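Enquirer: Each residue of the sequence shown is one higher than the one before, counting from 10 in UniProt numbering.
Can you keep this structure in mind? I'll have questions shortly.
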Amino acid sequence: DPRVRPGSSVSLVAMPGAGKSTAGRHLAAALGWRFVDADVEIEQRIGMSIRAYFEREGEQAFRDLEQQVIAELVQIRPPIVLATGGGSVLREANRRALRENSVVVYLRASPEELFRRLRHDTQRPLLQVADPLRKLRELYRDRDAFYRETAHFVIETGRPSVPTLVNMILMQL
Ligand code: S3P
């Protein structure tokens with residue numbers, strides 16, 4: 010993509026549970042770059058968990074904050090590896106900011122695989138529902154096209170080891 014300049018950061022977009030933070034941390038180590046997790050950055054700013062913030066202020070307030078944080082993080086130099094929250098691609102401003110300022114990788118995984126990894130999760134507000142598998146299928150249906158639109162390339166995660174996943178990403182950069 011001609012809009013991506015050399016020296017760009019690498020951003021990971023994907024559903025919750027796809028491995029953005031784990032793969033991102035290892036990828037950053039392999040590149041010798043700093044790793045930044047947008048959700049952790051947000052939690053540091055608000056001084057509480059995202060789950061607590063959702064409960065107090067609602068999802069839209071969280072999305073506003075997320076948009077502001079992403080706009081800042083894509084500008085960081087020297088380049089970083091950025092793990093985004095799974096819902097960041099819902100906003101067009103985020104899709105554009107990520108795509109124009111970083112090399113974006115979509116770590117695709119099926120809702121069934123995500124469920125296998127997240128069924129005991131208590132931290133993700135959107136998954137604290139009676140039927141999380143159904144919720145993951147809905148989120149996937151609503152978002153897959155946005156992840157694809159934002160990403161410069163897609164990595165099919167399946168169940169590769171972390172080193173395999175990192176090598177798959179490195180080969181594309
Ligand atoms: C969200 C995913 C979470 C976090 C928030 C909302 C989403 O990040 O940003 O709970 O809408 O999918 P992860 O993708 O890291 O779980």
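Note that the Cβ used here is the ideal one computed from N, Cα and C, for glycine as well.
Small disclaimer: the values here were computed from a predicted structure and weren't measured.
#1: Determine the contact status of L127 and G26, defining contact as a CB-CB distance below 8 Å.
#2: Is V83 helix, strand or coil when you go by DSSP?
#3: Taking just the CA atoms, how far does Q137 sit from V163?
#4: When you compare only the Cα positions, how much space is there between G16 and F44?
#5: If you scan the stretch 95–144 from start to end, which runs of the beta strand (DSSP E) of 3 or more residues do you find wholly inside it?
#6: From S119, R54, E64, pick the residue whose C-alpha is nearest to that of L74; which is it?
#7: Just reading off the beta strand (DSSP E) that A160 is part of, what are its end residues?
#8: Comparing the CB of R104 with every heavy atom of the ligand S3P, is any distance shorter than 7 Å?
#9: Is G33 a contact residue of the ligand S3P, with contact defined as CB to any heavy atom under 7 Å?
#10: For A70, which three-state DSSP category applies?
#11: How should E38 be labelled, buried or exposed, when 16 other C-beta atoms within 10 angstroms of its C-beta is the threshold for buried?
#12: Quick check: what's the CA-CA separation for S58 versus F71?
Expert: Let me lay it out:
#1: In this structure, G26 lies closer than 8 Å to L127 by Cβ.
#2: coil
#3: 28 Å
#4: 15 Å
#5: 111–117
#6: That would be R54, whose Cα lies nearest to the Cα of L74.
#7: Premise fails: A160 is in no beta strand (DSSP E) and is neither H nor E.
#8: no
#9: No, Cβ of G33 sits at least 7 Å from all heavy atoms of the ligand S3P.
#10: helix
#11: Here the sequence assigns Ala to residue 38, which means Glu is not the residue at that position. It is exposed - the Cβ of A38 has fewer than 16 other Cβ atoms within 10 Å.
#12: So the alpha carbons of these two residues sit roughly 11 Å apart.
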